[in-house]
Amino acid sequence: MRSVLITGITGQDGAYLAHLLLGKGYKVYGLLARRSTCTLWRLEYLGISKQVELIEGDMADLSSLIRAIQIAKPAEIYNLAAQSFVGTSWDQPILTAHVTGLGVLNLLEAIRLTDPGIRFYQASTSEMFGYIQEAVQSETTPFHPRSPYGVAKLYGHWITVNYRESFEMFACSGILFNHESPLRGIEFVTRKVTDAVARIKLGKQTKLHLGNIDAKRDWGFAGDYVEAMWLMLQQQEADDYVVATGYTTTVREMCRIAFEYVGLHYEDYVMHDPKLYRPAEVDILLGNPEKANTKLGWEARTPLEQLIHMMVDADLNRVKKEGSSLVLVGEKDWSKSLASF
Ligand code: NDP
Ligand code: GDR
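If you count the sequence shown from 1, position 109 lands on 109 in the UniProt record's numbering, and the numbers rise without skipping.
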């Protein structure tokens, strides 16, 4: 049985990828960072928490990564671990650089020192494009990141390319555009909106405070995107790929879709809050997935409306079960920290 190691297995993508790979017959190991509260709710939601093997370790700690590889003996490693929230990267820029940037180097070194034949996937991001220089972004579009997160990810991206070129390692970078799901962290805008829609509909919240609702994003479904990660590691040669839908939508329009689904008008509830603006914004992202389409045979299958409806339905179910508490079952209480992004 082939083994894989997934860092960030407790995150949105980690849970979907673990589910996909278990279905393909892999033995799945996940790196588990020590936290004061349980972070397994996504794996439990997908019913796979008992099927994955968790190994304690941290992206900032090289020896724990070497140990994880020695235990898992993986054929493939998917590096999904990161401080992944753009807003927090201005509050914790150095931690973001350590985990999201240097953490990639730690893992590549761990592979080089143990088994350089392991195939490696790096979770790169459209945030590396940042200040947009081409209307539609592809693998050849120049990078100009606009946040400490984007800068840290760019380091992770180039060090992955460099290890491929220096040591002939099979190392791929997936430049993924935004992807969402009912398992999305509540600090991200789509989930913040669908959670609020559910609460407002059920009489548990009255308003929704948002920042820049004119920002545009190319949003897809996380369940579709993890398939592209796996496909990249099954190719003859390691390469980098943009993974996107090829459509872009404003946050405002995303709100309209979510509120209308439950018979409400977003204009009646959404409040504009300048405190939620970022020090530097990525105004628009729109990816060209042609290379992934032709070389991997991959395409985004879930239209945005269907995705948003899926998320609102999941949040309605969750909020109904919650009683009067604001805390999502098994989840961090983000209600206290949302205002500070
Ligand atoms: P999440 O924020 O949901 O998950 C991040 C994961 O990283 C969590 O499992 C978290 O663990 C783990 N982690 C954080 N810090 C450390 C650390 N120091 N050591 C070990 N593990 C750590 O992110 P997503 O699932 O949405 O994204 C997966 C990856 O893809 C990330 O690298 C992200 O930056 C990147 N990406 C995401 C996109 C998206 O739209 N979702 C688009 C492009 C790239 P814990 O649960 O314990 O906090
Ligand atoms: P992003 O996602 O920064 O693109 O990073 P996020 O959902 O946080 O923001 C998207 C856009 O919405 C605007 N916005 C708000 N965002 C949040 N979170 N909360 C608000 O209240 C709000 N109001 C407006 C933002 O300004 C932004 O323009 C995500 C993460 O998953 C990264 O890890 C990943 O690399 C990129 O997607 C691709």
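C-beta atoms are modelled at their ideal positions from N, C-alpha and C, and glycine is treated no differently.
Is the beta carbon of residue 353 less than 9 angstroms from the beta carbon of Met-311?
In this structure the chain extends from 1 to 341, so residue 353 is not present and cannot be described.
Below 8 angstroms, how does it come out for the segment 177 to 192 and the segment 298 to 311: are there three or more Cβ pairs, yes or no?
yes
Which residue from Leu-176, Ala-196, Ile-9 puts its Cα closest to that of Leu-32?
Sequence index remark: in the sequence shown, residue 32 carries index 32 (1-based). Leu-32 has its Cα closest to that of Ile-9, out of Leu-176, Ala-196, Ile-9.
Unbroken alpha helix (DSSP H) run spanning Gly-30, endpoints
In the sequence shown, the residue the question calls residue 30 occupies position 30. No alpha helix (DSSP H) contains Gly-30, which is instead part of the beta strand (DSSP E) from 27 to 32.
Going by the CB atoms, is the gap between Ile-132 and Met-169 shorter than 9 angstroms?
Walking along the sequence shown from the start, residue 169 turns up at place 169. Walking along the sequence shown from the start, residue 132 turns up at place 132. For Met-169 and Ile-132, no; Cβs fall outside 9 angstroms.
Do Arg-252 and the ligand NDP come close, with the Cβ less than 8 angstroms from some heavy atom?
Counting from one through the sequence shown, the residue named residue 252 turns up at place 252. Checking every heavy atom of the ligand NDP against the Cβ of Arg-252, none is found closer than 8 angstroms.
With a cut-off of 8 angstroms on the beta carbons, I'd call residue 376 and Ile-175 a contact; round off their distance for me.
Outside the displayed range of the chain (1 to 341) lies residue 376, so it cannot be described from this structure.
Hey, how far is the Cα of Tyr-45 from the Cα of Thr-39?
Numbered from 1 along the sequence shown, position 45 holds the residue referred to as residue 45. Numbered from 1 along the sequence shown, position 39 holds the residue referred to as residue 39. Rounded to the nearest angstrom, the two C-alpha atoms are 11 angstroms apart.
For Lys-201, I'd like the list of residues in its chain whose CB is within less than 6 angstroms of its CB, leaving aside the five on either flank, ordered along the chain.
What you label residue 201 is simply residue 201 of the sequence shown in a count that begins at 1. Result list for Lys-201: Val-262, in chain order.
Cβ of Gly-246 within 9 angstroms of Cβ of Thr-302?
As a working note, residue 246 is residue 246 in the sequence shown. As a working note, residue 302 is residue 302 in the sequence shown. Cβ atoms of Gly-246 and Thr-302: not closer than 9 angstroms.
Exposure label - Met-271; buried when at least 16 CB within 10 Å
Residue 271 sits at position 271 when you count from the first residue of the sequence shown. Exposed is the call here.
Taking only runs of the beta strand (DSSP E) that begin and end inside the segment 213 to 276, which ones reach a length of at least 3 residues, in chain order?
240 to 243, 270 to 272
Helix or strand or just coil, what does DSSP make of Tyr-78?
Against the sequence shown, residue 78 aligns to sequence position 78. Tyr-78 falls in the strand class under three-state DSSP.
Can you look up Leu-338 in the DSSP assignment and give me helix, strand or coil?
In the sequence shown, the residue the question calls residue 338 occupies position 338. Any answer about Leu-338 is weak, because its pLDDT of 33 lies below 50 and its placement is not dependable; what the coordinates show is given next. Correct three-state label for Leu-338: helix.
Note the first and the last residue of the continuous beta strand (DSSP E) segment covering Thr-125.
Within the sequence shown, residue 125 is the residue found at index 125, counting from 1. Per DSSP, Thr-125 belongs to the beta strand (DSSP E) from 119 to 125.
Any heavy atom of the ligand GDR closer than 8 angstroms to the CB of Tyr-78?
Position 78 of the sequence shown, counted from the start, is the residue given in the question as residue 78. Flag unset: Cβ of Tyr-78 not near the ligand GDR.
Quick one: is the Cβ of Leu-183 within less than 8 angstroms of any heavy atom of the ligand GDR?
If you number the sequence shown from 1, residue 183 lands on position 183. Every heavy atom of the ligand GDR is 8 angstroms or more from the Cβ of Leu-183, so no.
Range covered by the beta strand (DSSP E) that runs through Ala-171:
If you number the sequence shown from 1, residue 171 lands on position 171. Segment 171 to 176, the beta strand (DSSP E) holding Ala-171.
Please return the same chain residues whose Cβ sits closer than 6 angstroms to the Cβ of Leu-231, not counting the five positions on each side in sequence.
Within the sequence shown, residue 231 is the residue found at index 231, counting from 1. Result list for Leu-231: Leu-296, Trp-298, in chain order.
Using only the alpha-carbon positions, how far apart do Leu-5 and Ala-68 sit?
In the sequence shown, the residue the question calls residue 5 occupies position 5. In the sequence shown, the residue the question calls residue 68 occupies position 68. Taking the straight line joining both Cα atoms gives about 8 angstroms.
My output table needs one value for Arg-184: the three-state DSSP class, helix, strand or coil.
The count along the sequence shown starts at 1 and reaches residue 184 at position 184. Looking at Arg-184 - three-state DSSP - the assignment turns out to be coil, as it is neither helix nor strand.
Reduced DSSP secondary structure (H/G/I, E/B, other) of Arg-2:
Translated into the one-based positions of the sequence shown, residue 2 becomes position 2. Coil, per DSSP.
What number of angstroms, rounded off, separates the C-alpha of Glu-53 from the C-alpha of Arg-34?
As a working note, residue 53 is residue 53 in the sequence shown. As a working note, residue 34 is residue 34 in the sequence shown. The alpha-carbon atoms of Glu-53 and Arg-34 are separated by roughly 15 angstroms.
Would you kindly work out how many angstroms separate the C-alpha atoms of Ala-135 and Leu-286, rounded to a whole number?
If you number the sequence shown from 1, residue 135 lands on position 135. If you number the sequence shown from 1, residue 286 lands on position 286. Near 7 angstroms, if we compare the C-alpha coordinates of Leu-286 and Ala-135.
Can you determine whether any heavy atom of the ligand NDP sits closer than 8 angstroms to the C-beta of Glu-127, and answer yes or no?
Along the sequence shown, one-based indexing puts residue 127 at 127. Within the cutoff, so yes.
Inter-residue CB distance, Ala-152 and Gly-117 (contact presumed, cutoff 8 angstroms)
As a first step, residue 152 must be located in the sequence shown, where it is residue number 152. As a first step, residue 117 must be located in the sequence shown, where it is residue number 117. Not confirmed; about 27 angstroms, so no contact.
Burial state of Pro-142 (16 or more Cβ within 10 Å)
Mapped onto the sequence shown, residue 142 falls at position 142. Burial call: exposed.
I need the straight-line Cα distance from His-265 to Arg-199, nearest angstrom please.
To locate residue 265, count along the sequence shown from 1; it is residue 265. To locate residue 199, count along the sequence shown from 1; it is residue 199. Their Cα atoms are separated by approximately 14 angstroms.
Measure the alpha-carbon distance for Ser-3 versus Asn-212 and round it to whole angstroms.
In the sequence shown, counting from the first residue as 1, residue 3 sits at position 3. In the sequence shown, counting from the first residue as 1, residue 212 sits at position 212. Those two C-alpha atoms are separated by around 43 angstroms.
Please state whether the Cβ-Cβ distance between Gln-122 and Phe-129 is less than 9 angstroms.
Residue mapping note: residue 122 aligns to position 122 of the sequence shown, counting from 1. Residue mapping note: residue 129 aligns to position 129 of the sequence shown, counting from 1. Not a contact, by the Cβ cut-off of 9 angstroms.
Near Tyr-277, what residues of its chain come up, given a Cβ to Cβ distance below 6 angstroms and the 5 sequence neighbours on each side ignored?
Your numbering for residue 277 matches position 277 in the sequence shown. Closer than 6 angstroms at the Cβ level, and outside the excluded window around Tyr-277, lie Gly-211, Asn-212.
Selected residue, minimal CA-CA separation from Lys-216, among Cys-255, Lys-204, Gly-185
Along the sequence shown, one-based indexing puts residue 216 at 216. That would be Cys-255, whose Cα lies nearest to the Cα of Lys-216.
Separation of Pro-182 from Gly-11, as counted between CA atoms:
Indexing the sequence shown from 1 puts residue 11 at position 11. Indexing the sequence shown from 1 puts residue 182 at position 182. Approximately 12 angstroms between the Cα atoms of the pair.
For Ile-48, the first and last residue of its enclosing alpha helix (DSSP H)
Looking up residue 48 in the sequence shown gives position 48. No alpha helix (DSSP H) holds Ile-48; DSSP gives it neither H nor E.
Using beta-carbon positions only, say whether Val-282 and Gly-156 come within less than 9 angstroms of one another.
By 1-based counting over the sequence shown, the position of residue 282 is 282. By 1-based counting over the sequence shown, the position of residue 156 is 156. No, Cβ-Cβ distance for Val-282 and Gly-156 is not below 9 angstroms.
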